[in-house]
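Have a look at the structure below before the remarks.
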Amino acid sequence: MTQEDDAAEPGLPSYAEALDEVQEILAALESDATDVDLLAERVQRADLLIRHCRSRLDDARLRVEQVVAGSKPQSSDEQPGD
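Position one of the sequence shown corresponds to residue 356 (my numbering), numbered consecutively onward.
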């Protein structure tokens, strides 16, 4: 999977890149050198990235559930197409 495939929306980073950026933002916020003027901007960016990551996780969970459901053997009571 390429980074382009991993990005759910144009302009947003891949899941891994978003997670790294959130960690960088958290580290900056925890430091004593946090610029108060940038605080709200960084918090908003972190919120956007976290929502993006949650969306990616939800999408992945749904795809996995679909694959698992499609690979389960049918019971003898079920007919194809049921």
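Note that CB positions come from ideal geometry on N, CA and C, so glycine has one too.
Quick caveat: nothing in here was measured; it's all calculated off a predicted structure.
Kindly list the residues whose CB is nearer than 6 Å to the CB of GLN378, restricted to its own chain and excluding five residues on each side of it in sequence; keep chain order.
none
CA-CA distance, ALA395 and PRO365?
24 Å
Going by C-alpha distance, which of ARG397, VAL391, SER369 is nearest LEU381?
ARG397
Where does LEU384 land, buried or exposed, given buried means 16+ other C-beta within 10 angstroms?
exposed
Between HIS407 and the rest of its own chain, which residues show a CB-CB distance below 6 Å, the 5 nearest in sequence each way excluded?
LEU367, ALA373
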